[in-house]
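Participant: Those letters in the sequence shown? Residues -18 to -1, 1 to 333, per mature numbering (1 follows the signal peptide of the UniProt record, and there is no 0), in order.
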Amino acid sequence: MIQLFIILALAFSKPLNPKKVLYAINCGAPSNYKSPSGIQYEKDIQTDPETVVADYSLNSEVSSQQIKYTREPEIYLTERHAYKTFSYQIPLQKEGTYTLILKFAEMYFDTKGKRVFHVKFGSQRVIEKLDIVAKVGKYASNDEYIEFEYIAGQVFHNNVLCVDAVQDGKLQVNLEKTKFDNPYIHGIVLYAGGIVETDYEEYQYMKENWDKVINEEKIKEEYERQKKSEAKVKRKERVKIRNDHLNVVENEFEFDDQSLSTSVPVAKKVGLKALITSPFGTAGLFISFFIGMSILNKIISTISNAKIKGIEKDITESKPKQEKQVKEKNDTSDKKNKTKETKDKSKAKQQ
């Protein structure tokens, strides 16, 4: 059943593509704002001194109210209004089809007929007698989608030329005052494309099925929460399994009352850290250390002795050879001397 509700919610979900939003203003706001859908709203830089900003976020009684038919209630907490007709200039670039989305919500009056005004492109009315309370009531968004064509520097709405709608490459959006209080606005979005490319259908569905949409979104949130919770549990299980791979086996001896003898060792899985830090593990480490040092010293001593014996052997073997060479040298010298003496004696006899 939950999956069915999710499918229904997604079927009617077609959010506005933020990549096709060319210009957006959060009217009356002192800073930029990025909506949950990814639309970057610029702060309001309106300079008309006869306009007034109302910030309902400073009024706890109003800001605590749920604003229906929107997922971006922050946009409707600031507004700009005037005691006369006032306007916004929206920059236009290349020719094509556009949709201007004007965002309204009645935050003051709760009776229809109290506030009524017109919206014009230049001198051409594109919305007449706009009464927000009559359309959606108080504390509810009412977004107006206006499709138009921008051709050769002119603006056409429903194939009708809007005179004086473009000045210096900017669309003149006029909020025209009537005798029924003051015109106002909360947000403006310029979208590259016709109405069918916007979220218009989703918005209409949301207005007609608000309670159902809220319920579906709550179910979706609960479904996502359950998925995250299950994923968290699975992560913990995987971590536990990985930690089990680090376990080692330790022998534990138990006393057998029946045989009155040492029992058979019982295998027990313990952590590597527990094994090392146990008394037996610590003693084993020290014993292993001393045995290793003893073996190392023996190896070093053996190597040293072998080197010394090798040197002594070389000395022993080389000494007789040297003595033999000296003796041979002496013998040769003696022979030469004897030969010389014999020659000398022979010569003396002849004389």
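C-beta: ideal position from N, C-alpha, C; glycine also.
(1) Going by DSSP, what residue range makes up the alpha helix (DSSP H) through residue 117?
(2) Relative to the C-alpha of residue 156, which residue among 281, 64 and 215 is closest?
(3) Using 8 angstroms for Cβ pairs, my map puts residue 92 next to residue 120. What's the rounded Cβ distance?
(4) Between the segment 3 to 10 and the segment 61 to 76, do three or more beta carbon pairs fall short of 8 angstroms?
(5) Should residue 147 be labelled buried (16 or more other beta-carbon atoms within 10 Å of its own) or exposed?
(6) Quick check on the burial criterion: 16 or more other C-beta atoms within 10 angstroms. Buried or exposed for residue 154?
(7) Would you kindly work out how many angstroms separate the C-alpha atoms of residue 141 and residue 132, rounded to a whole number?
(8) Determine whether the beta carbon atoms of residue 84 and residue 167 lie at a separation below 8 angstroms.
(9) Rounded to the nearest angstrom, what separates residue 247 and residue 273 at their Cα positions?
(10) Helix, strand or coil for residue 138 per DSSP?
(11) Locate the alpha helix (DSSP H) running through residue 182, then write down its first and last residues.
(12) Quick one: complete beta strand (DSSP E) runs, 3+ long, within the segment 147 to 178?
(13) DSSP three-state label for residue 216, please.
(14) So, using beta-carbon positions, are residue 81 and residue 177 closer together than 8 angstroms?
(15) Can you tell me the Cβ-Cβ gap for residue 71 and residue 152, rounded? I've got them flagged as a contact below 8 angstroms.
(16) Quick one: is residue 50 buried, meaning 16 or more other Cβ sit within 10 Å of its Cβ, or exposed?
(17) Name the two residues that bound the continuous alpha helix (DSSP H) containing residue 42.
(18) Check residue 74 in the structure and name its three-state DSSP category.
(19) Just how far apart, CA to CA, sit residue 111 and residue 58?
(20) How far does the beta strand (DSSP E) with residue 35 in it reach, from first residue to last?
Facilitator: So, to answer that:
(1) By 1-based counting over the sequence shown, the position of residue 117 is 135. Looking at the DSSP string, the run of the alpha helix (DSSP H) that includes residue 117 is 114 to 118.
(2) Within the sequence shown, numbered from 1, the residue matching residue 156 stands at position 174. With distances taken between Cα atoms, residue 156 lies closest to 64.
(3) As a position in the sequence shown, residue 92 is number 110, starting the count at 1. As a position in the sequence shown, residue 120 is number 138, starting the count at 1. With a Cβ gap of about 4 angstroms, residue 92 and residue 120 count as contacting.
(4) yes
(5) Residue 147 sits at position 165 when you count from the first residue of the sequence shown. It is buried - the Cβ of residue 147 has at least 16 other Cβ atoms within 10 Å.
(6) By one-based count along the sequence shown, residue 154 stands at place 172. Its Cβ being crowded by 16 or more others within 10 Å, residue 154 is buried.
(7) What you label residue 141 is simply residue 159 of the sequence shown in a count that begins at 1. What you label residue 132 is simply residue 150 of the sequence shown in a count that begins at 1. Cα to Cα, the separation comes out at about 11 angstroms.
(8) Translated into the one-based positions of the sequence shown, residue 84 becomes position 102. Translated into the one-based positions of the sequence shown, residue 167 becomes position 185. Yes, they are a contact pair.
(9) Looking up residue 247 in the sequence shown gives position 265. Looking up residue 273 in the sequence shown gives position 291. Low local confidence applies: a pLDDT of 47 at residue 247 is under 50, so the model's placement there is unreliable, with the coordinate-based value given in what follows. Cα-Cα distance, rounded: 26 angstroms.
(10) Numbered from 1 along the sequence shown, position 156 holds the residue referred to as residue 138. Three-state result, residue 138: strand.
(11) Here residue 182 refers to the residue found at position 200 when the sequence shown is read from its first residue. Residue 182 -> alpha helix (DSSP H) spans 182 to 190.
(12) 152 to 158 and 169 to 174
(13) The residue given as residue 216 occupies position 234 in the sequence shown. Correct three-state label for residue 216: helix.
(14) By one-based count along the sequence shown, residue 81 stands at place 99. By one-based count along the sequence shown, residue 177 stands at place 195. Yes; because the gap between Cβ atoms is below 8 angstroms, this pair is in contact.
(15) In the sequence shown, counting from the first residue as 1, residue 71 sits at position 89. In the sequence shown, counting from the first residue as 1, residue 152 sits at position 170. Rounded, the Cβ-Cβ distance is 4 angstroms, consistent with contact.
(16) For this step, residue 50 is matched to residue 68 along the sequence shown. Answer is buried; the Cβ neighbour count reaches 16.
(17) On the sequence shown, position 60 is the one that residue 42 refers to. Note, residue 42: alpha helix (DSSP H), 42 to 45.
(18) Taking the sequence shown and counting its residues from 1, one reaches residue 74 at position 92. In this structure, residue 74 counts as coil in the three-state DSSP scheme.
(19) Position 129 of the sequence shown, counting from 1, holds the residue named residue 111. Position 76 of the sequence shown, counting from 1, holds the residue named residue 58. Roughly 20 angstroms separates the two Cα atoms.
(20) The residue you call residue 35 lines up with position 53 of the sequence shown. Its beta strand (DSSP E) spans residues 33 to 37.
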